[in-house]
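A short write-up of the structure that comes next.
Numbering (the working numbering), first residue to last: 27 to 206.
What follows is the structure in structure tokens.
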């Protein structure tokens, strides 16, 4: 139990979270691609999760995301100052080298999220093992099912990410061919 209290900072990448948010602000086309890999719960920083939700809602409602619209949405929700306001949103945009790299940033965020889920699941398994309150075979089945769910989630994300990269590559090649 003491190990759990003194545990290190969970896996996360604030810089990549900022870059994903920045890409979504800079280029609306990033939003739908990111949604295939991430959801708000994947962000370690709760402010980034709020930005993500707000960006997705704004895009769903208006079909576009612009800094003034996002700021107004955050102000209306009472989140603007709490999440760092315009300065922090600008910092997220500044983290972006190229919106074309959004899936690379998103994949890192997804991997860190998966590792945090694995750690949480492992802690739960350890805790349950210490206080075994169910028949042993039921406990083993539950542990195996939870691990399988995590593995299945990760496998689906990897497949979707590879599929999107392939489609993007094919689309780029087709556009280059048309230009010739």
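For glycine and all other residues, C-beta sits at the position ideal for the given N, C-alpha and C.
This one's a predicted model, so the numbers in the text were calculated from it and none came from an experiment.
For residue j and residue i, believed in contact at Cβ under 8 Å, the rounded distance
i	j	result
residue 135	residue 69	7 Å
residue 172	residue 147	5 Å
residue 143	residue 38	About 12 Å; that fails the 8 Å criterion.
residue 40	residue 71	6 Å
Residue i, buried or exposed, once every other Cβ within 10 Å from all chains shown has been counted against 16
i	result
residue 166	exposed
residue 81	buried
residue 36	exposed
residue 153	exposed
residue 48	buried
residue 59	buried
residue 51	buried
residue 9	This structure cannot speak to residue 9, because the chain is shown only from 27 to 206.
residue 122	buried
residue 177	exposed
residue 112	exposed
residue 174	exposed
residue 86	exposed
residue 160	exposed
residue 132	buried
residue 75	buried
Selected residue, minimal CA-CA separation from residue i, among the options
i	options	result
residue 92	123, 53 and 102	53
residue 129	145, 57, 179 and 162	57
residue 89	55, 157 and 149	55
residue 107	73, 131, 150 and 168	73
residue 170	160, 159 and 151	151
residue 179	141, 162 and 79	141
residue 109	79, 84, 127 and 124	79
residue 34	104, 125 and 145	145
| Is the region 117 to 126 in contact with the region 44 to 60, if contact means three or more CB pairs nearer than 8 Å? | A contact exists between the region 117 to 126 and the region 44 to 60.
| said: Within 8 Å, do at least three Cβ pairs link the region 96 to 113 to the region 55 to 68? | reply: no
| field | 4 or more residues per run - each alpha helix (DSSP H) lying fully within the region 83 to 114 | value | 93 to 102
| message | As an exercise, report each continuous alpha helix (DSSP H) stretch of at least 4 residues that is fully enclosed by the region 28 to 72, in chain order. | response | 28 to 31, 40 to 52 and 55 to 61
| request: With a floor of 3 residues, list each beta strand (DSSP E) that falls wholly inside the region 117 to 184, ordered by position along the chain. | output: none
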